[in-house]
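Peer 1: Chains as they are written, first to last, in the working numbering: chain A, 1 to 147; chain B, 1001 to 1654; chain C, 2001 to 2185.
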Amino acid sequence: MRKLVFVLALVPVLAYAQEVTRDGVTLSQAQETRAEDIGSQLRCLVCQNESIEGSSAALAKQLRVIIRQQVVAGDSSKSILDYMVQRYGIFVLLKPPFMPLTWALYASPFVALLLGVFGFWMARRGKVAAPAPLSDADAKRLDELLK
Amino acid sequence: MIPELGHFALALAVALAFAQGVIGIFAPGLRDARAMRAAPALALSHFLAIGAAFLALIYAGVVSDFTVENVADFSSSIVPLMYRISGTWGNHDGSMVLWCFILSLCGATVAAFGSGLPASLRARVLGVLGLVSGGFLLFTLTVSDPFTRLWPPPLDGAGVNPILQDPGLAFHPPVLYTGYVGFSVAFAFAIAALIEGRIDAAWGRWVRPWALLSWCFLTAGITLGSWWSYYTLGWGGYWFWDPVENAALLPWLTGTALLHCAIVVEKREALKAWTVLLAIATFSLSLSGTFLVRSGILNSVHSFAAAPDQGLFILALLGITIGGSLLLFAIRAPVLAATGIYAPLSRESALVLNNIFLCSIAAVVFTGTLYPPFVNLLFGVQLSIGAPFFNQVVLPLTGPIILAMGVGPLLAWKRAALLPVLQQLWLAAGVALVVFLVVAADRHVIAAMGLAGGVWVVLAALTDIAGRVRLFRVSAAGSVARLFALPRAAIGATLGHIGFGVMVLGIAGMTLATQKVIVLTPGQSTELGGYTWTLNDIHDAPGPNFSQRVADVSLSENGAVFLTLHPARRYFAAQKVVTNTAAIKTNGFQDIYAVFASEPAGTGGAELRLNRHPLAPEIWLGGLIMALGGGISLSDRRLRVGAPSRKKPAGAVA
Amino acid sequence: MSPLRRRLMFGIPLAVVVVGGAGFYTILRRMQENAYDPHALPSPLIGKKLPVFALPGADGGQGFANTDLLSLPKPVLVNWFASWCVPCLQEAPMLAKLAKAGLEIWGIAYQDQPGDLANFIAANGNPYTRLAADASGLTAINWGVYGVPETYLVDRTGVVRWRYAGALTDDVVSGTLQPLLQQYA
Chain A
1 MRKLVFVLAL
11 VPVLAYAQEV
21 TRDGVTLSQA
31 QETRAEDIGS
41 QLRCLVCQNE
51 SIEGSSAALA
61 KQLRVIIRQQ
71 VVAGDSSKSI
81 LDYMVQRYGI
91 FVLLKPPFMP
101 LTWALYASPF
111 VALLLGVFGF
121 WMARRGKVAA
131 PAPLSDADAK
141 RLDELLK
Chain B
1001 MIPELGHFAL
1011 ALAVALAFAQ
1021 GVIGIFAPGL
1031 RDARAMRAAP
1041 ALALSHFLAI
1051 GAAFLALIYA
1061 GVVSDFTVEN
1071 VADFSSSIVP
1081 LMYRISGTWG
1091 NHDGSMVLWC
1101 FILSLCGATV
1111 AAFGSGLPAS
1121 LRARVLGVLG
1131 LVSGGFLLFT
1141 LTVSDPFTRL
1151 WPPPLDGAGV
1161 NPILQDPGLA
1171 FHPPVLYTGY
1181 VGFSVAFAFA
1191 IAALIEGRID
1201 AAWGRWVRPW
1211 ALLSWCFLTA
1221 GITLGSWWSY
1231 YTLGWGGYWF
1241 WDPVENAALL
1251 PWLTGTALLH
1261 CAIVVEKREA
1271 LKAWTVLLAI
1281 ATFSLSLSGT
1291 FLVRSGILNS
1301 VHSFAAAPDQ
1311 GLFILALLGI
1321 TIGGSLLLFA
1331 IRAPVLAATG
1341 IYAPLSRESA
1351 LVLNNIFLCS
1361 IAAVVFTGTL
1371 YPPFVNLLFG
1381 VQLSIGAPFF
1391 NQVVLPLTGP
1401 IILAMGVGPL
1411 LAWKRAALLP
1421 VLQQLWLAAG
1431 VALVVFLVVA
1441 ADRHVIAAMG
1451 LAGGVWVVLA
1461 ALTDIAGRVR
1471 LFRVSAAGSV
1481 ARLFALPRAA
1491 IGATLGHIGF
1501 GVMVLGIAGM
1511 TLATQKVIVL
1521 TPGQSTELGG
1531 YTWTLNDIHD
1541 APGPNFSQRV
1551 ADVSLSENGA
1561 VFLTLHPARR
1571 YFAAQKVVTN
1581 TAAIKTNGFQ
1591 DIYAVFASEP
1601 AGTGGAELRL
1611 NRHPLAPEIW
1621 LGGLIMALGG
1631 GISLSDRRLR
1641 VGAPSRKKPA
1651 GAVA
Chain C
2001 MSPLRRRLMF
2011 GIPLAVVVVG
2021 GAGFYTILRR
2031 MQENAYDPHA
2041 LPSPLIGKKL
2051 PVFALPGADG
2061 GQGFANTDLL
2071 SLPKPVLVNW
2081 FASWCVPCLQ
2091 EAPMLAKLAK
2101 AGLEIWGIAY
2111 QDQPGDLANF
2121 IAANGNPYTR
2131 LAADASGLTA
2141 INWGVYGVPE
2151 TYLVDRTGVV
2161 RWRYAGALTD
2171 DVVSGTLQPL
2181 LQQYA
C-alpha cells in the first residue's frame, strides 16, 4: 500500500517527463503541451471556427502530426507557426499578427476606453449650461431695474 | 388548405403591422384619441394573425405535409414529434416567422399590460413596434416565404440535421429570440421618448421592466446555447467566439449597461442621453446579428445559407431602422436636459464606469468580429480572428468591472465616501486575497485572479445584503424579518451579481481543466487528474435512425471504481453524418467528460478524449442565477406600475 | 460646450453606422456579382513558383515534379481531385470540356486508392495530360491545399497565377479563367 502511495505521489513529478502518444506520434508530456499550445493557435481550414487541436477533420490530424514531429525535432514554436503561414497564409492564425493592417484592431480596446472616458468628461463639463441670453424686452427691464 | 390559410394570415399580418405603425406614430401628433386607442387593438390583431401563420407552419411540420417546401427541405416523417415542431424554426425561413411572432408578442404585451402608460406614449411605442414588425414581415413574406409549395410533393423530407435533434437546441432559439427581440420594446420606448422630446423618472420606471424581461431571456438563451454546445459538440468547450455567438453577446453587454442606466434615470434623472443611445444600440445589435447570420458575410458554424439578395433586403431594413433612429437621436437628444448632478465619486459614477467598460468590451468584440470582412473589402487580405485574440483582449477588460461590481452597490447616490464602503468589504476582500494567494502558489495565476474575482463579487453582494438586514447588529429574528421586507428588486439585483460571480468562478475553474487524448485497447488504463481511467469494452448499440458504437469507460480512485461512462459515436445513415455523444458526469463542482473520438483502424481500440473540468457546472449555474435574479426583480410590484396594473387604477404610483 | 459641438457629438453614432452600412452594401453587391467570396482564401503561392515536389504517376499516367512546370509552351492547369470527392465528380465534365478545347490539364489524385482512382477515370474520362498521385497528402500541405477539388493556373515560366478552391463552374471559367488564360497565353 505504501508503495502505491509513493508511486502515486511521484505521478505529478513524472508526468511532465512521461511519454504520451498522440495521433501516432510519441513524445514527452512537455513536448505535447507545447504542441497543443501551437495547435490551438492555428485555425482548422476545413471546419468552421475550430482550432486544429479540437478538430476531428483529417487535414487537422495531419497538421497535428506534422507539428508534433517538428516539436520532437526541436523546432521553435515560431518556426512551426511560420511553416504553416508560409503554406496557408495568415488566415491560418487565429490571432492575426501585429502589423500595420491590424493596428486598429489591437488599438480598439484602448480607443474604446478613451472615447468612453472622454465622452463622460465632456458630458459632465457641459452639464452646467450657461443661462440663455436675455431677450431684448427683458434686457431693457433689467437696465431699468439697475438704474 | 392550412398552409394557404397560414400564408394569408402572414400577408394579413403585414397589413395590420403597418397600420399599427402608421396610426401609432401619427395619431398622438394629430391628437386623435380614438385613433390612439386603435393602436392596441391593431397590435393584438396583428399578433393573432402572425400567431395563426406560425401555428399553420408548425401544423404542416407535425403532419409532415411535404407540399410545403420548407417542410420537405428541413423535416421528415421519421423524425420524432418534438423535433418536427422545433424543426420549424431550425431553418432560415421558419426562424424569421418565429422572429416576427415574438416581435408581435412584444407589441401585444405592451397593448395588454400598458394601460398604466399615458395614451400618447403607448400609441407611439406600439407605432414603432408596428413599423419594425411590418418591415420584417414584409421581408419574410416576399423574400423568405416559408409557405412556398412544392408539387408533386416528395415521398419524404430531407430530414432534420441530427445535431439539431436535441431538447436543448429545440428550446434555445425561442428563448434566445425572446431576449433579442424583447429589446425592441426598450427601443420603441426610446424612439417614442425622442419623438415626444421628454425623458423623465417615470419613463425610466416604465422602461425598466421591459429591458429586464428581455435581459433575463437573453441571459437564459445564451447560457442555454453555451451549455448545449458543451454537451453536444464533444470538444469540452463552452464558448468559441464564433461570430454568431458574438452577435448574441453584443446586445447582452449593451443590454446590461442599459439596465443599469435605466436605474439611474429612474432614481436620479441623469444619464438620459446614454440610456436612450443604449436602448437604440441594443436592439440595433440584435438586428445586426440577424443580418450577419443570414447574409453569408461571416465564416460561422451557425450561419444559415448564404444569400446576398436577402442580405441586401435586411441591410435596407437595418438602414432605415438603425439609421433613422440614430438620426432622430442626433437631432433630438441634445434637447434632453439632464437635471441630476452627481459627484465624481458616487453610485452614478460607478454605474457610468461600469457602462464604459461594458461598452468597451462590446466595441472590441464588435471590431474583432467585423474586422475580417472590412479588411478583405478594403485591402484584399483575408484575416482570421478567433478565440485566442478575443480571450487576450476581453478578459483584461472584465477585471475593472469585477472590482467595481463589489463596491458599486454599496456606494451612496449623488455623493459617496469610499473609505467606509471599503471598510464594510474587508471580509470579502480578505477572503478573495487568500484565495488568490493559495491558487497562485501553484503557478496558476490566471485561474487565481479569476477565482479571487468570483469570490470577491459573491461575498461583496452578500455583504450588501448583510448590511441591509443589519446582520449581527440586531437579533437573528430581526435580520430575517428585514430580509423578507427587502424590496424584491434589491434581492434580484444581488442575485444577479452573485450569479455573475458564480459564472466567473466557473470560467476560472475551467482554466484549470486537464485533458488527455489517448488510444486505449479494451482493458488498458491511463491516469488523468488523479483518477485511473480504464476502457472496458466497445460494443454496438443501434438506435431508431442511427447506428452507434459505445465505449465503456470506468473511473477508479485508489483501486475502487466509482463511475462508469458510456461515450458513443453515432452514424446517421440518411444524412451521412457522424455525431459524438459525450459522456458527462457532474457532481455539481466538477465535470468528468469523456468523448469517443474515433476507432483507429487496426488497433481494436478507441481514441478517447478524457477531461476533468473543475467548476464547469458553475458556468451555467451562474447564468441561471443571473436570470433568476432578473425574474425576481421583475416580480417586484413597484416595477410593474407602468406596465401591468390590473388592480390599481390607471396612472397610480406605488 | 457649444450647442453645435454637442450636436456633432451626438451625430457620431449615426456617422459610424452610415459608414458601416456603405461598407456592407459594397460587400453584398460584390457578392451578388460573384466578384467577392467571403470564404475564399488567397493562396500564398500566387506570384511565386511552386514548391519542390516529385510525385509518382498514377493509373498509367506519367508523374511529374516541380521542375517539369518551370518552362512550358503554354499555361497549365493543375487540378487536385479525388475519387471520393463529390464536387470533383461534378467538375469532371467541365474539365473534359476544357481539355477538348485545348487547355493542358495536369491532375494530382489526393489521398486516393489506385483501384478507386482507376474506376473514377474510367467512368468520367481522363482530361489529364499528366496524372500523378499524392497518396500521403504531404505535397498538398506544401502547396497549401486544404480540400479537393482545387485548381491552380501555372503560367509558362512556372509561376502560379491563380488558385480556385471548389468545383469549376461556367461562371468561374468564363469570368475568371478565360481572361487569365488570355493574359498569360
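Cβ atoms here follow ideal geometry from the backbone N, Cα and C, with glycine treated the same way.
Would you mind stating whether B/TYR1180 and B/GLY1107 have Cβ atoms separated by less than 9 angstroms?
Peer 2: No, the pair does not count as a contact, with Cβ atoms beyond the cut-off.
Peer 1: Is it a yes or a no for the stretch 1030-1045 of chain B touching the stretch 137-144 of chain A, going by three-plus beta-carbon pairs under 8 angstroms?
Peer 2: No, they do not touch.
Peer 1: Can C/ALA2065 and C/VAL2052 be called in contact, C-beta distance under 9 angstroms?
Peer 2: Yes, Cβ-Cβ distance for C/ALA2065 and C/VAL2052 is below 9 angstroms.
Peer 1: Throw me the rounded Cβ distance for the B/TRP1215 and B/LEU1259 pair, which I believe falls under 8 angstroms.
Peer 2: With 8 angstroms as the limit, B/TRP1215 and B/LEU1259 qualify as a contact, their Cβ atoms being about 6 angstroms apart.
Peer 1: Could you check the C-alpha separation between B/THR1262 and B/ARG1208 for me, to the nearest Å?
Peer 2: Reading off the sequence, residue 1262 of chain B comes out as Ala, not Thr. Rounded to whole angstroms, B/ALA1262 to B/ARG1208 spans 6 angstroms at the Cα level.
Peer 1: Give me the Cα-Cα distance between B/GLN1382 and B/GLY1368, rounded to the nearest whole angstrom.
Peer 2: Those two C-alpha atoms are separated by around 13 angstroms.
Peer 1: Compare the C-alpha of B/ALA1387 against each of A/LEU115, A/THR102, A/LYS95 and name the closest.
Peer 2: It is A/LYS95 whose Cα lies nearest to the Cα of B/ALA1387.
Peer 1: Roughly how many angstroms separate the alpha carbons of B/TRP1426 and B/VAL1438, rounded to a whole number?
Peer 2: Answer to the nearest angstrom: the Cα atoms are 18 angstroms apart.
Peer 1: Check the Cβ-Cβ distances between A/SER108 and every residue of chain B, and say whether any is below 9 angstroms.
Peer 2: Closer than 9 angstroms to some Cβ of chain B, the Cβ of A/SER108 qualifies, so yes.
Peer 1: Around the C-beta of B/THR1494, are 16 or more other C-beta atoms found within 10 angstroms, so that it is buried, or is it exposed?
Peer 2: Buried, since its Cβ has 16 or more Cβ neighbours within 10 Å.
Peer 1: Strictly by DSSP, which residues pair up with B/ASP1537?
Peer 2: For B/ASP1537, which the question treats as bridged, DSSP gives the partners B/ASP1552.
Peer 1: Just confirm the distance between the C-beta atoms of B/VAL1110 and B/ARG1124, as a whole number of angstroms; I'd bet it's less than 8 angstroms.
Peer 2: Going by Cβ atoms, the distance from B/VAL1110 to B/ARG1124 rounds to 11 angstroms, so no, they are not a contact pair.
Peer 1: Rounded to whole angstroms, what's the CA-CA distance from B/GLY1311 to B/LEU1129? Just pull it up for me.
Peer 2: Approximately 22 angstroms between the Cα atoms of the pair.
Peer 1: Which whole-angstrom value describes the C-beta separation of B/LEU1535 and B/ALA1606, a residue pair presumed to lie in contact below a C-beta threshold of 8 angstroms?
Peer 2: That belief holds up - the Cβ atoms of B/LEU1535 and B/ALA1606 are roughly 6 angstroms apart, short of 8 angstroms.
Peer 1: So is C/ASP2155 buried or exposed if we call it buried at 16+ other beta carbons inside 10 Å?
Peer 2: Looking at its Cβ environment, which holds 16 or more other Cβ atoms inside 10 Å, C/ASP2155 is buried.
Peer 1: Evaluate the contact criterion for the stretch 1540-1552 of chain B versus the stretch 1180-1197 of chain B: three or more CB pairs, one atom per stretch, below 8 angstroms.
Peer 2: These segments do not touch.
Peer 1: Among the residues of its own chain, which have a CB less than 6 angstroms from the CB of B/ILE1465, if the five just before and after it don't count?
Peer 2: The residues are THR1494.
Peer 1: When the Cα atoms are used, what is the spatial distance from B/VAL1276 to B/LEU1005?
Peer 2: When rounded, the distance between both Cα atoms is 40 angstroms.
Peer 1: Hey, would you say A/VAL117 sits closer than 9 angstroms to B/ILE1314, going by beta carbons?
Peer 2: Cβ distance not < 9 angstroms, so A/VAL117 and B/ILE1314 don't count as in contact.
Peer 1: Which residue's Cα is closest to the Cα of B/GLY1051: B/VAL1071, B/ILE1102, B/PRO1308?
Peer 2: Here the closest residue by C-alpha is B/ILE1102.
Peer 1: Within 9 angstroms of any Cβ in chain A, is that where the Cβ of B/TRP1228 sits?
Peer 2: Closer than 9 angstroms: no.
Peer 1: Once DSSP output is grouped into helix, strand and coil, what is the label at B/THR1369?
Peer 2: The answer is helix: DSSP assigns B/THR1369 an H, G or I state.
Peer 1: Going along the chain, which residues of its own chain have a beta-carbon closer than 7 angstroms to the beta-carbon of B/GLY1234, five neighbours each way excluded?
Peer 2: These residues qualify, in order along the chain: ASN1580, ALA1582, VAL1595.
Peer 1: Check the Cβ of B/GLY1386 against every Cβ in chain A and list those closer than 8 angstroms, keeping chain order.
Peer 2: Under the 8 angstroms cutoff, chain A gives ARG43, ASN49, SER51, LEU94, LYS95.
Peer 1: Using the C-alpha atoms, what's the distance from B/SER1525 back to B/SER1556?
Peer 2: Answer to the nearest angstrom: the Cα atoms are 10 angstroms apart.
Peer 1: Could you check what DSSP says for A/GLN29 in three-state terms: helix, strand or coil?
Peer 2: Three-state result, A/GLN29: helix.
Peer 1: Starting from the beta carbon of C/ILE2027, find every residue of chain B whose beta carbon is closer than 9 angstroms, and list them in chain order.
Peer 2: The contacting residues are SER1295, ILE1297, PRO1308, GLY1311, PRO1373, PHE1374, ASN1376, LEU1377.
Peer 1: Give me the chain C residues within the contact set of B/PHE1329, using Cβ-Cβ distance strictly less than 9 angstroms, ordered along the chain.
Peer 2: Ordered by position in chain C, the residues that pass the 9 angstroms Cβ test against B/PHE1329 are PHE2010, GLY2011, PRO2013, LEU2014.
Peer 1: In chain order, what residues of the same chain lie with their CB nearer than 6 angstroms to the CB of B/ASP1156, ignoring the 5 residues before and after it?
Peer 2: Result list for B/ASP1156: SER1076, SER1077, in chain order.
Peer 1: On the criterion of 16 or more Cβ atoms from any shown chain inside 10 Å, does B/GLY1509 qualify as buried, or is it exposed?
Peer 2: B/GLY1509 comes out buried.
Peer 1: If you measure from the beta carbon of B/ASP1242 to each beta carbon in chain A, is any gap under 9 angstroms?
Peer 2: Chain A contact via Cβ: present.
Peer 1: Answer with yes or no whether the minimum CB distance from B/ILE1322 to chain C is below 9 angstroms.
Peer 2: It does: the Cβ of B/ILE1322 has a partner Cβ on chain C nearer than 9 angstroms.
Peer 1: Can you name, in chain order, every residue of its own chain whose Cβ lies under 8 angstroms from the Cβ of B/GLU1618, other than the five neighbours on each side?
Peer 2: Cβ neighbours of B/GLU1618 beyond the five flanking positions: VAL1502, MET1503, LEU1505, GLY1506, GLY1509, PHE1589.
Peer 1: Name, in chain order, the residues that DSSP records as bridge partners for B/HIS1613.
Peer 2: B/HIS1613 pairs with B/ASP1591.
Peer 1: Can you list, in chain order, the residues of its chain whose CB lies under 6 angstroms from that of B/GLY1204, leaving out five sequence neighbours each side?
Peer 2: Once the five neighbours on either side are set aside, the close Cβ partners of B/GLY1204 are ALA1262, VAL1265, GLU1266.
Peer 1: Hey, how far is the Cα of B/TYR1177 from the Cα of B/TRP1099?
Peer 2: Looking at the two C-alpha atoms, the distance is approximately 6 angstroms.
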